[in-house]
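Chemist: So the sequence lines, in the order shown, correspond to chains A and B. According to the working numbering, the first sequence holds residues 516 to 959 in order. According to the working numbering, the second sequence holds residues 516 to 959 in order. Ideal placement from N, C-alpha and C gives every residue a C-beta, glycine not left out. Quick caveat, the model's predicted, so the values are computed rather than measured. Here it is, the structure, as structure tokens.
Number of protein chains: 2
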Amino acid sequence: MAHSTMQNVSAIISTKWICPVRPLNHVLEDHSIVIDDHQIIDIIDTKKVDALYTTNQHYQLHHHIVTPGLINTHTHAAMNLFRGYADDQSLHTWLNESIWPLEKKWVTPDFVYDGTLIACAEMLKSGITTFNEMYFYPQSAAQAISQSGLRANIGLFVMEHPSNYANDADDYLIKGLEARDGWRDEKLITSSIAPHAPYTISNKTFEKILTYANQLNLTIHMHVHETAAEIEESIKEYQLRPIERLNQLGIISPQFMAVHAVHLNEHDLITLAKESASVVHCPSSNLKLGSGLANIDAMHQHHLNVCLGTDGSASNNKLDLLHEMQLASLIAKGLMQNPSIIDARNSLEMATINGAKALGLDDNIGSIEIGKFADITAFNIDSINTLPIYDPISHLVYALSRDAVSHVWINGALQYQEGFLQSIDLKECKDIALRWQLKLKQNI
Amino acid sequence: MAHSTMQNVSAIISTKWICPVRPLNHVLEDHSIVIDDHQIIDIIDTKKVDALYTTNQHYQLHHHIVTPGLINTHTHAAMNLFRGYADDQSLHTWLNESIWPLEKKWVTPDFVYDGTLIACAEMLKSGITTFNEMYFYPQSAAQAISQSGLRANIGLFVMEHPSNYANDADDYLIKGLEARDGWRDEKLITSSIAPHAPYTISNKTFEKILTYANQLNLTIHMHVHETAAEIEESIKEYQLRPIERLNQLGIISPQFMAVHAVHLNEHDLITLAKESASVVHCPSSNLKLGSGLANIDAMHQHHLNVCLGTDGSASNNKLDLLHEMQLASLIAKGLMQNPSIIDARNSLEMATINGAKALGLDDNIGSIEIGKFADITAFNIDSINTLPIYDPISHLVYALSRDAVSHVWINGALQYQEGFLQSIDLKECKDIALRWQLKLKQNI
Numbered sequence: 516m517a518h519s520t521m522q523n524v525s526a527i528i529s530t531k532w533i534c535p536v537r538p539l540n541h542v543l544e545d546h547s548i549v550i551d552d553h554q555i556i557d558i559i560d561t562k563k564v565d566a567l568y569t570t571n572q573h574y575q576l577h578h579h580i581v582t583p584g585l586i587n588t589h590t591h592a593a594m595n596l597f598r599g600y601a602d603d604q605s606l607h608t609w610l611n612e613s614i615w616p617l618e619k620k621w622v623t624p625d626f627v628y629d630g631t632l633i634a635c636a637e638m639l640k641s642g643i644t645t646f647n648e649m650y651f652y653p654q655s656a657a658q659a660i661s662q663s664g665l666r667a668n669i670g671l672f673v674m675e676h677p678s679n680y681a682n683d684a685d686d687y688l689i690k691g692l693e694a695r696d697g698w699r700d701e702k703l704i705t706s707s708i709a710p711h712a713p714y715t716i717s718n719k720t721f722e723k724i725l726t727y728a729n730q731l732n733l734t735i736h737m738h739v740h741e742t743a744a745e746i747e748e749s750i751k752e753y754q755l756r757p758i759e760r761l762n763q764l765g766i767i768s769p770q771f772m773a774v775h776a777v778h779l780n781e782h783d784l785i786t787l788a789k790e791s792a793s794v795v796h797c798p799s800s801n802l803k804l805g806s807g808l809a810n811i812d813a814m815h816q817h818h819l820n821v822c823l824g825t826d827g828s829a830s831n832n833k834l835d836l837l838h839e840m841q842l843a844s845l846i847a848k849g850l851m852q853n854p855s856i857i858d859a860r861n862s863l864e865m866a867t868i869n870g871a872k873a874l875g876l877d878d879n880i881g882s883i884e885i886g887k888f889a890d891i892t893a894f895n896i897d898s899i900n901t902l903p904i905y906d907p908i909s910h911l912v913y914a915l916s917r918d919a920v921s922h923v924w925i926n927g928a929l930q931y932q933e934g935f936l937q938s939i940d941l942k943e944c945k946d947i948a949l950r951w952q953l954k955l956k957q958n959i
Numbered sequence: 516m517a518h519s520t521m522q523n524v525s526a527i528i529s530t531k532w533i534c535p536v537r538p539l540n541h542v543l544e545d546h547s548i549v550i551d552d553h554q555i556i557d558i559i560d561t562k563k564v565d566a567l568y569t570t571n572q573h574y575q576l577h578h579h580i581v582t583p584g585l586i587n588t589h590t591h592a593a594m595n596l597f598r599g600y601a602d603d604q605s606l607h608t609w610l611n612e613s614i615w616p617l618e619k620k621w622v623t624p625d626f627v628y629d630g631t632l633i634a635c636a637e638m639l640k641s642g643i644t645t646f647n648e649m650y651f652y653p654q655s656a657a658q659a660i661s662q663s664g665l666r667a668n669i670g671l672f673v674m675e676h677p678s679n680y681a682n683d684a685d686d687y688l689i690k691g692l693e694a695r696d697g698w699r700d701e702k703l704i705t706s707s708i709a710p711h712a713p714y715t716i717s718n719k720t721f722e723k724i725l726t727y728a729n730q731l732n733l734t735i736h737m738h739v740h741e742t743a744a745e746i747e748e749s750i751k752e753y754q755l756r757p758i759e760r761l762n763q764l765g766i767i768s769p770q771f772m773a774v775h776a777v778h779l780n781e782h783d784l785i786t787l788a789k790e791s792a793s794v795v796h797c798p799s800s801n802l803k804l805g806s807g808l809a810n811i812d813a814m815h816q817h818h819l820n821v822c823l824g825t826d827g828s829a830s831n832n833k834l835d836l837l838h839e840m841q842l843a844s845l846i847a848k849g850l851m852q853n854p855s856i857i858d859a860r861n862s863l864e865m866a867t868i869n870g871a872k873a874l875g876l877d878d879n880i881g882s883i884e885i886g887k888f889a890d891i892t893a894f895n896i897d898s899i900n901t902l903p904i905y906d907p908i909s910h911l912v913y914a915l916s917r918d919a920v921s922h923v924w925i926n927g928a929l930q931y932q933e934g935f936l937q938s939i940d941l942k943e944c945k946d947i948a949l950r951w952q953l954k955l956k957q958n959i
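So, in structure tokens, the structure goes:
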């Protein structure tokens, strides 16, 4: 063997199982992922790796399952500071007496920076490498995200109502676009326009949103058809269901992410499928807020791109995408009384490649393939909670909990390893959380 | 302060929060649980404990929530060895082509001992202190349980069909009663008769079961109304729904545990409530096998005693009662589109005192009260995944995962502490699991 043919690379991950997501349903045993700089440059039999590559960072993960990094396609990260503040309340009480007054009293740039930072820490520990964000003060979220090492698509939040952050729809749009200028050089951050919901945005504002989205090539990230009530209200006001109204306005497109989409009729499904829009399924949040049970099986039958979101910690209460994967499969089976639908493979796709597709990033992330960025999560299954193991993909979805996450790489950099974060000080995060806890408790 | 008034005790647990379950909805802050021998003898303000008690075992759990030990009221522990062997299959394929052939080929006394031991290890790590068991070779399960230190109610399994274990209903009954003689001196083990299901047991056998249950004062633990199909079949064969048939036979009583009970009409609910029977809700299993969504809210409105079970690892795939608590609340809210029903307090009761009541053990366990046995679970919330915290009970159900379990006491003995089991060798358990994995993989 000629040494001259050896290539020195940034890192090699040798592992028991790789679930690369593409090709579909593939599982590789005793293979290695070769990373150079930000990219995956090879995936080969571990027996052959030492003959071809040298590295200072060779990870030996022989009790592990390795997957593409998980993609959380809907959250309000800063709401981690409200985690568990107001549970088991009716939606009306929750919004009017808890969340909105809390936000009015407490939400500032500091709140958003602090809350987003601790949410990033939680997401990293949960195997999430990319998230899709929607909240006030996006520039403060961007600061925390940039520090964390996570990849994110940040929403430029818009609604008609005033808040601490902005006065009216135009003000939200202007502030959002200014904020975006601040992170345009960040390689791991992309942007969307994030109108709150059809019932909080006028047709006139939707027209402006569409203009900006088209000019700047931004995705649109919005809550849609979360409750039955919002559909009734729309029919009263516009004589149209919200999705019909959005479609007439030209909002629904491959760049559109319909978050929740719990209540869809056949016509809604056809519209979303025809326009190649994505649905962001948030099962925990939909259940916890009593919104209902989204019919993912029907979406699959319409070949819709369905991805998964945790929603914010005020309505979940954890940023645990592995749990959402499990719930997505379980609820679909229970709802349709058919245990063979929405299998573990479907859930793994929803949490990875489908999320990448919704964000327009599927050429770069969402699967473990040569040429893609090295966004990778490793799960340690050497525990009595997870043995024996017969099928790694099924194990991921039905048997593992997020405490099995052992390593997380983003863009080729190791950001989490067995309890330690590379770019965030966990002790400082806990102090931040406790400081806000003390303040907010005065309100209870 | 006179030293002569000081009492020396086995252990003191001083903790941030105690959720004692009784009195209802109570939360104690900065209190201590005083344990002597097997019992809780005092619960007092931590500031006062040192003036009254001395001990060699003083646990300082100041970032912790402490609850009664969790009670898993339905499992087939040994099926841990089949965890993830056959997922995403139709119920017919799962039973006929996977589970039943597997059981015929592999289930022996050794299999049951090994599988039960690893399930006990998993349950201890998950904060479970008592479980309600149903499987073949109960004497082998009893050996593993006795070794583990867990409290259990072991079912004397009965059906008409032959298996490796027994030839017919009489044979199952005789073997079960003989097995029971073997564990009658075990202080932590009680017994039930566990007929498989109405559709696998004749009226004649039910009469014998009832006689034994009455004579020996045993609970009856059975799968009931799990699928819509079994109800239709019963109507065809007996012109009665299974619960009506069981009621006519005198089986339904305060000693009866109706496992699953997914499909109940108003008449079934009235019957179960009138007879003061218990329902064992197994949400993960019901969803995963496509059985459907049990209506816990309707059961609550009928004042039924509802408790929680994980079912076996072949249909879940984890023995994680904290997860079942969360699912029970979430699914009820989603199903009824009402976020205020089946709140965190209800789920905590289902997983503790209601389980104790179903097993006839509520005078001894199921709450943290003076005079009860010290079956106690502690959860560490000092993690960025679980901060901030405003309401410990809500946090338990919605924010914590089982990896937060830090300590487990059963009958006054510390059986689990931060990764280490007192009575089971975890390394040996992993070897056992891997040995069976190798054997069973030959079958795939």
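Over the uninterrupted alpha helix (DSSP H) stretch that includes R950 of chain B, give me the two end residues.
Modeler: Stepping through the second sequence from its first residue, residue 950 of chain B is reached at position 435. L941 to K956 is the extent of the alpha helix (DSSP H) around R950 of chain B.
Chemist: Would a C-beta distance cut-off of 8 Å place S806 of chain A and M840 of chain A closer than the cut-off?
Modeler: Along the first sequence, read from residue 1 onward, the residue named residue 806 of chain A stands at position 291. Along the first sequence, read from residue 1 onward, the residue named residue 840 of chain A stands at position 325. Contact annotation: S806 of chain A and M840 of chain A have beta-carbon atoms that are not nearer than 8 Å.
Chemist: Let me check understanding here. Comparing Cα to Cα, which of A:H573, A:Y727, A:H553 and A:T623 lies closest to M594 of chain A?
Modeler: Counting from one through the first sequence, the residue named residue 594 of chain A turns up at place 79. Checking every option, the nearest Cα to that of M594 of chain A belongs to A:T623.
Chemist: By DSSP's criteria, T644 of chain B is part of a beta bridge. Which residues make up the other side?
Modeler: In the second sequence, residue 644 of chain B corresponds to position 129, counting from 1. BP columns for T644 of chain B are empty, so no partner.
Chemist: So, helix, strand or coil for A517 of chain A, using DSSP?
Modeler: In the first sequence, residue 517 of chain A corresponds to position 2, counting from 1. Its pLDDT being 46, under 50, A517 of chain A is placed unreliably by the model, and the measurement read from it follows with that caveat. Correct three-state label for A517 of chain A: coil.
Chemist: Determine the DSSP secondary structure at H541 of chain B, reduced to helix, strand or coil.
Modeler: Counted from its first residue, the second sequence places residue 541 of chain B at position 26. Note: H541 of chain B maps to coil in three-state DSSP.
Chemist: Pick helix, strand or coil for F651 of chain B, following the three-state DSSP scheme.
Modeler: Counting from 1 along the second sequence, the entry for residue 651 of chain B is found at position 136. Coil, per DSSP.
Chemist: For W924 of chain B, list the residues DSSP reports as bridge partners.
Modeler: Here residue 924 of chain B is taken as the residue at index 409 of the second sequence, counted from 1. W924 of chain B is bridged to B:I891 and B:L929.
Chemist: Expressed to the nearest angstrom, what Euclidean distance is found between the alpha-carbon atoms of N523 of chain B and H922 of chain B?
Modeler: Taking the second sequence and counting its residues from 1, one reaches residue 523 of chain B at position 8. Taking the second sequence and counting its residues from 1, one reaches residue 922 of chain B at position 407. Approximately 22 Å, taken between the alpha carbons.
Chemist: Counting only beta-carbon separations shorter than 8 Å, does P903 of chain B have a partner in chain A?
Modeler: To locate residue 903 of chain B, count along the second sequence from 1; it is residue 388. Taking a beta-carbon distance threshold of 8 Å, P903 of chain B counts as an interface residue toward chain A.
Chemist: Kindly list, in the order they appear in chain B, the residues whose Cβ is closer than 8 Å to that of P854 of chain A.
Modeler: As a position in the first sequence, residue 854 of chain A is number 339, starting the count at 1. Simply D603, Q604, S605, L606, W609, K803, L804 and G805.
Chemist: Around the C-beta of T569 of chain A, are 16 or more other C-beta atoms found within 10 angstroms, so that it is buried, or is it exposed?
Modeler: What you label residue 569 of chain A is simply residue 54 of the first sequence in a count that begins at 1. Exposed, because fewer than 16 other Cβ atoms sit within 10 Å of the Cβ of T569 of chain A.
Chemist: Out of curiosity, what's the CA-to-CA distance linking A634 of chain B and W951 of chain B?
Modeler: Looking up residue 634 of chain B in the second sequence gives position 119. Looking up residue 951 of chain B in the second sequence gives position 436. A634 of chain B and W951 of chain B: Cα-Cα distance of roughly 14 Å.
Chemist: Using the C-alpha atoms, what's the distance from M638 of chain A back to L761 of chain A?
Modeler: As a working mapping, residue 761 of chain A is identified with position 246 in the first sequence. As a working mapping, residue 638 of chain A is identified with position 123 in the first sequence. Between L761 of chain A and M638 of chain A, the C-alpha separation is close to 32 Å.
Chemist: Assign F935 of chain B to one of two classes, buried (16 or more other C-beta atoms within 10 Å of its C-beta) or exposed (fewer than that).
Modeler: As a position in the second sequence, residue 935 of chain B is number 420, starting the count at 1. Flag for F935 of chain B reads exposed.
Chemist: Please report whether the beta-carbon of M516 of chain A lies at a distance below 8 Å from any beta-carbon of chain B.
Modeler: Position 1 of the first sequence, counting from 1, holds the residue named residue 516 of chain A. Confidence at M516 of chain A is low in this model, with a pLDDT of 46, below 50, so the placement of that residue is unreliable and no value is reported for it.
Chemist: From the DSSP output, which residues share a beta bridge with T582 of chain B?
Modeler: Against the second sequence, residue 582 of chain B aligns to sequence position 67. Paired residue(s): B:T892.
Chemist: To which residues of the same chain is E745 of chain B closer than 8 Å at the C-beta, ignoring the five residues directly before and after it?
Modeler: For the purposes of this step, residue 745 of chain B is taken as residue 230 along the second sequence, with counting starting at 1. Taken in chain order, the residues that qualify are A712, P713, Y714 and P757.
Chemist: Which residues of the stretch 523-538 of chain A have a Cβ closer than 7 Å to any Cβ of chain B? Give them in chain order.
Modeler: none
Chemist: Determine the burial state of K699 of chain A: buried for a count of at least 16 other Cβ atoms within 10 Å of its Cβ, exposed for fewer.
Modeler: For this step, residue 699 of chain A is matched to residue 184 along the first sequence. The displayed chain sequence assigns Arg, not Lys, to residue 699 of chain A. It counts as exposed.
Chemist: Using CA coordinates, which residue listed in B:Q572, B:L543 and B:D552 is at the minimum distance from T561 of chain B?
Modeler: As a working note, residue 561 of chain B is residue 46 in the second sequence. The shortest C-alpha separation from T561 of chain B is found at B:L543.
Chemist: Please decide whether E637 of chain B counts as near chain A, where near means a Cβ-Cβ distance under 8 Å.
Modeler: Here residue 637 of chain B corresponds to residue number 122 of the second sequence, with the count starting at 1. Yes - at least one Cβ of chain A is within 8 Å of the one on E637 of chain B.
Chemist: Put C797 of chain A into one of helix, strand or coil per three-state DSSP.
Modeler: Sequence index remark: in the first sequence, residue 797 of chain A carries index 282 (1-based). Coil at C797 of chain A, not helix or strand.
Chemist: Spell out the partners DSSP gives H573 of chain A in its beta bridges.
Modeler: Translated into positions along the first sequence, residue 573 of chain A becomes position 58. A:I527, per the DSSP bridge assignment.
Chemist: Could you check what DSSP says for P907 of chain A in three-state terms: helix, strand or coil?
Modeler: In the first sequence, the residue the question calls residue 907 of chain A occupies position 392. Residue state, collapsed to three classes: helix.
Chemist: Classify A776 of chain A as helix, strand or coil using the three-state DSSP reduction.
Modeler: As a first step, residue 776 of chain A must be located in the first sequence, where it is residue number 261. If DSSP states are grouped into helix, strand and coil, A776 of chain A belongs with coil.
Chemist: Where do the N-terminal and C-terminal ends of the beta strand (DSSP E) with V917 of chain B fall, by residue?
Modeler: Taking the second sequence and counting its residues from 1, one reaches residue 917 of chain B at position 402. Residue identity check: residue 917 of chain B is Arg in the sequence provided, not Val. Run containing R917 of chain B: none; DSSP gives neither H nor E here.
Chemist: Can you name, in chain order, every residue of its own chain whose Cβ lies under 6 Å from the Cβ of G870 of chain A, other than the five neighbours on each side?
Modeler: As a working mapping, residue 870 of chain A is identified with position 355 in the first sequence. Exclusion of the five residues before and after G870 of chain A leaves I586, T588 and C822 as the residues of its chain whose Cβ lies within less than 6 Å of its Cβ.
Chemist: Using CA coordinates, which residue listed in B:M737, B:Q816 and B:I580 is at the minimum distance from T590 of chain B?
Modeler: Locating residue 590 of chain B in the second sequence gives position 75, where the first residue counts as 1. B:M737 is the residue among B:M737, B:Q816 and B:I580 whose C-alpha sits nearest the C-alpha of T590 of chain B.
Chemist: Helix, strand or coil: how does DSSP classify M737 of chain B here?
Modeler: Working through the second sequence from its first residue, we reach residue 737 of chain B at position 222. Strand.
Chemist: Does the contact criterion of 3 or more C-beta pairs under 8 Å hold for the stretch 769-778 of chain A versus the stretch 850-865 of chain A?
Modeler: no
Chemist: Which of the three DSSP states, helix, strand or coil, is assigned to R666 of chain A?
Modeler: Taking the first residue of the first sequence as 1, we reach residue 666 of chain A at position 151. Secondary structure at R666 of chain A: strand, using DSSP grouped into helix, strand and coil.
Chemist: Rounded to the nearest angstrom, what separates Y727 of chain A and I925 of chain A at their Cα positions?
Modeler: Residue 727 of chain A sits at position 212 when you count from the first residue of the first sequence. Residue 925 of chain A sits at position 410 when you count from the first residue of the first sequence. Roughly 30 Å between the two C-alpha positions.
Chemist: With a threshold of 16 other CB atoms inside 10 Å of the CB of M674 of chain B, please say whether the residue is buried or exposed.
Modeler: Taking the first residue of the second sequence as position 1, residue 674 of chain B is located at position 159. Flag for M674 of chain B reads buried.
Chemist: Output the distance between the C-alpha atoms of I550 of chain B and F894 of chain B, rounded to the nearest integer angstrom.
Modeler: For the purposes of this step, residue 550 of chain B is taken as residue 35 along the second sequence, with counting starting at 1. For the purposes of this step, residue 894 of chain B is taken as residue 379 along the second sequence, with counting starting at 1. The straight-line gap from Cα to Cα measures roughly 18 Å.
Chemist: Could you give the distance in angstroms between the alpha-carbon of A517 of chain B and the alpha-carbon of L539 of chain B?
Modeler: Stepping through the second sequence from its first residue, residue 517 of chain B is reached at position 2. Stepping through the second sequence from its first residue, residue 539 of chain B is reached at position 24. Residue confidence for A517 of chain B is low, a pLDDT of 46 falling below 50, so the modelled location carries little weight; the figure read from the coordinates is stated next. Distance between the alpha carbons of A517 of chain B and L539 of chain B is about 36 Å.
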